[in-house]
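According to my numbering, the sequence shown is numbered sequentially starting from 129. These notes are about the structure you will find just below.
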Amino acid sequence: MNAAMERRVSVATGWASTRIAVLDGEERYEDSYAVTQEFREWITCMGENKTMLEASIQPVPLNPSKRHRLTGGGLTTENQAET
129 MNAAMERRVS VATGWASTRI AVLDGEERYE DSYAVTQEFR EWITCMGENK
179 TMLEASIQPV PLNPSKRHRL TGGGLTTENQ AET
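Right, dumping it as structure tokens:
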């Protein structure tokens, strides 16, 4: 996993852990459980099982300047849809 992706995962994991603690403090256990389940792989795999962590991450497109939209025939760029 590259450094940028690892930073994103680290920030998201930190946010999730903090959010879980706040929700537990407010006794909102169902919400806390939901956040725990959503970030389960990231929280439990951080620094231990990199292959499992990499499998649960969806990479950002290499060219974020091109916007994609879903059409009936699949994913196309806006330039392709206009022609």
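From the three backbone atoms N, C-alpha and C, an ideal C-beta is built for every residue, glycine too. Quick caveat: nothing in here was measured; it's all calculated off a predicted structure.
Three-state class that DSSP yields for residue i in the structure shown
i, result
"Arg135", "helix"
"Arg156", "coil"
"Ala209", "Low local confidence applies: a pLDDT of 47 at Ala209 is under 50, so the model's placement there is unreliable, with the coordinate-based value given in what follows. In the structure shown, Ala209 sits in a helix (DSSP, three-state: H, G or I)."
CA-to-CA distance, residue j to residue i, given in whole angstroms
i, j, result
"Ile171", "Thr146", "12 angstroms"
"Val139", "Glu155", "24 angstroms"
"Tyr161", "Ala144", "11 angstroms"
"Arg168", "Gly142", "12 angstroms"
"Arg135", "Glu158", "28 angstroms"
Cβ neighbour criterion (16 or more within 10 Å) applied to residue i
i, result
"Val150", "exposed"
Cβ distance (whole Å) where residue i is taken to contact residue j below 8 angstroms
i, j, result
"Val137", "Ile148", "16 angstroms between Cβ atoms; not a contact."
Nonlocal neighbours in the same chain, by C-beta distance under 7 angstroms from residue i, ignoring five residues either side
i, result
"Asp152", "Ser160"
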